[in-house]
Each structure stands twice: as structure tokens, then as C-alpha cells.
Amino acid sequence: MLGILKQATKSVQLIGRAGCFVPSSQNLTRLSRLPIILQSVRTYASEAKINDKKVDTTKKEEESDSSSSLFGSLTPNVSTKDQLVKEKPKSEKDELEDTTPGEISYVAPKDDKKLQEYLHPKPYKTVNSLLSPLKRRLYLDNVKKNGFFKNGDRIKLPDGSVYSMKLTREVIEALEPSIYLRSWRMKSSVKKTNPVLRALKNLPLKKAITQLHFMQKKVARELAEMLERGLKDAESMKYDPNKIYVAESWVHFDGSPLKRVECKGRGRSGIIVQRFVSVRFLLKTNQTLKRLKYEENARKNNKPVKSFLTGQSLRGPVSPFYKW
Numbered sequence: 001m002l003g004i005l006k007q008a009t010k011s012v013q014l015i016g017r018a019g020c021f022v023p024s025s026q027n028l029t030r031l032s033r034l035p036i037i038l039q040s041v042r043t044y045a046s047e048a049k050i051n052d053k054k055v056d057t058t059k060k061e062e063e064s065d066s067s068s069s070l071f072g073s074l075t076p077n078v079s080t081k082d083q084l085v086k087e088k089p090k091s092e093k094d095e096l097e098d099t100t101p102g103e104i105s106y107v108a109p110k111d112d113k114k115l116q117e118y119l120h121p122k123p124y125k126t127v128n129s130l131l132s133p134l135k136r137r138l139y140l141d142n143v144k145k146n147g148f149f150k151n152g153d154r155i156k157l158p159d160g161s162v163y164s165m166k167l168t169r170e171v172i173e174a175l176e177p178s179i180y181l182r183s184w185r186m187k188s189s190v191k192k193t194n195p196v197l198r199a200l201k202n203l204p205l206k207k208a209i210t211q212l213h214f215m216q217k218k219v220a221r222e223l224a225e226m227l228e229r230g231l232k233d234a235e236s237m238k239y240d241p242n243k244i245y246v247a248e249s250w251v252h253f254d255g256s257p258l259k260r261v262e263c264k265g266r267g268r269s270g271i272i273v274q275r276f277v278s279v280r281f282l283l284k285t286n287q288t289l290k291r292l293k294y295e296e297n298a299r300k301n302n303k304p305v306k307s308f309l310t311g312q313s314l315r316g317p318v319s320p321f322y323k324w
């Protein structure tokens, strides 16, 4: 490359001296490469000029920034980048907003507060949430006096005022202490689960758990885990576990069964349907049993006495048979 440039400069010098120059075939082939080399040299020069222009523009911007302020002559030239306020540390919401919609930030199930609140809701008493302060006081005094809520019973408060409160059957059942349990999606059917639930009706909670431990049904293990969870909830609610019994239990179809092919011999086939169920338990305390027993006795006492004889006087021998 350097040799070609030297020959080109010599040829140019000859043209300047003699005024005319007749190149040979070798010189023509060498000169044909000159424009490419000169073009590359020009590109390097043009890039250097562009860089110089960029430096000039940045200097002008810095000067304009310093001159725009009132104290530009006193303060040193500071770039706009240094004048920017430091950004505040980003919170979790800002980080979630900055993430692109395609990216998914992984959160462990233990650290997910909303998930844990949904899976393990805090227990609460309906007496505190459904009744006003005065009704709550009357209800609790009535339960303390009778062992259960008795409709129409008069309660005297310490200030001397007397009140009587009447509630419907649905409200009384809602206010009585109870524990509601629901299962996850269990691999079973309604036909297989119903006999197990019938065996647990009106049994004490601890006795029902022992019955499930010795049952040979596959569903019994998951039902025992449910009732053990209810035992823990009773302790957290400060109920006596020995006074809790299984009041209600029901099962329903959970939908969307799984289907798969059952391959048989001689080119035949069938469909195996795998069903899922969900179970619910309602546990109640000894207070409900006392109320039910009182209502049954009151129903028997209020029942009118049946008399099969009319008010007429007896005539002749009375037969032991009815005469219509």
C-alpha cells in the first residue's frame, strides 16, 4: 500500500513539472486502486470532524446551563446530570410497575400474604360481629343464666333496667359457637363418601377422629385431617374440645371429572371416569345440645292430651273398640 502511494506521488510530481504525463499499463493498474485508498482516508477524517463537533456542542450546552442560572458567574460550570435530584429508593410497587408484562416475578407461597390469608383465615365470633353492644350483653347474660339462649327470658342489668329479647331460629343458630370446615378437592365419589359421613353424625369430635383412624375407607384419612384441623381451630377460639360434636356434614360433586381410555381385549375399549368431591363439616358446642333438648321437652309438654271419649254420659257396657 505504501509503495503504491509513493508511486502515485511521483506521478503527480511529474505532471506538475512537465505538464503532461502518459502513464503506462502498469501505472494504470496501480492508479486504479488509488481512489479506494483515498476514500478510506477521507472517511477517517470525516469521523474525526464529527467527533470534534460533538465535543463543541457539549461545551456549548454546559456554558448555556451555567449562563441560564442567576448565579452563573459565581457558581462553577455544573452539568445537568449533577444537578438532578437523587432518586428515592424504589418500593415493591414501583419494582412491579417497572417490570415488563412479559416478565413474572416469583414469590414464594410462604411469603405471599394474600395467599396465606386466604388459606388460613382468622377465626372470629359471630356474636361480636352481628350484634350491637346492648344486644350482645343481653345475649351473653341469657346464655350465662340458662346455659343456652332462651327466647323471651327477662334479663336484669346492673343499672336496674330489665330487657327481654326474642330472636328467630336462624339467628340463634348463627350466633351459637360453631366451627365451619371445608375440604379441598378429594379424589372420591359421593356414593363412597356418604356412608362414612353418616357414621360420624352427632359424635363427639375426638371420638369421630378415632373412628376415622380405624376405618378402612380411603376417604377416612383426609376426613380425619379435616377434623384435626377443626380441633386446632377450637383451641385457638378457646372452646373446650371435649364439648364439641359433629352437628352437620355433607358432600357434593366437585365437577370436571377426569376421563381416560380403558383398553380391553379383542379391540374393545371403554372410558374410566375419575370423580372428585368436596366435603363440609359444621362443628358445634354443648350449648346447642342443651337448647335442642329444652325445645324437645317443651314440645312434648305443650302437646295436648288426647281423649278418645266424647263428653256424653256412658250408656251400657263400654267396649274396648272404637265405634265410628
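So for the sequence shown, UniProt numbering puts the first residue at 1; every next one is plus one. Even glycine gets a Cβ: it sits at the ideal position worked out from N, Cα and C. All values reported here derive from a predicted model rather than from experimental measurement.
Reduced DSSP secondary structure (H/G/I, E/B, other) of residue i
i           : result
I104        : coil
I155        : strand
P109        : coil
residue 325 : Given that the chain is displayed from residue 1 to residue 324, the structure contains no residue 325 and the question cannot be resolved.
V251        : strand
E138        : Correcting the residue identity first, residue 138 is Leu in this sequence and not Glu. Helix.
Y124        : coil
N146        : helix
N302        : coil
Y294        : helix
P195        : helix
L289        : helix
L212        : helix
Alpha helix (DSSP H) segment containing residue i, residue limits
i    : result
G230 : V219 to S236
Y118 : K113 to L119
V171 : R169 to L175
Candidates the options, of which the one nearest residue i by Cα
i    : options                   : result
I272 : T285, L258 and F281       : L258
K166 : Y139, F253 and S132       : Y139
A199 : W184, A220, R185 and Y322 : A220
K192 : V277, L130, K323 and K306 : V277
L231 : K201, E296 and L283       : L283
R154 : G147, F148 and V162       : V162
D240 : A298, K306 and L205       : L205
L131 : G160, I104 and I172       : I172
Chain-order list of residues whose beta-carbon lies under 8 angstroms from that of residue i (same chain, five-residue window excluded)
i    : result
M237 : P123, K125, P177 and I179
L115 : P109
L212 : V196, L200, A220, R221, L223, A224 and L227
Enclosing beta strand (DSSP E) for residue i [first to last residue]
i           : result
residue 386 : Because the chain spans 1 through 324 in this model, residue 386 falls outside it and cannot be assessed.
V277        : V277 to K284
S183        : Per DSSP, S183 belongs to no beta strand (DSSP E) and is neither H nor E.
Own chain, CB closer than 7 angstroms to residue i, minus 5 neighbours either side, in chain order
i    : result
I36  : At I36, the pLDDT of 45 sits below 50, so the modelled position is not reliable; the number obtained from the coordinates is stated separately. Contacts found: none.
V196 : M215, K217, V219, A220 and L223
E228 : I209
R169 : none
Residue i - partner residues in DSSP beta bridges
i    : result
P204 : Y245
S164 : R154
Own chain, CB closer than 6 angstroms to residue i, minus 5 neighbours either side, in chain order
i    : result
R275 : S189 and P257
Y294 : none
V143 : F149
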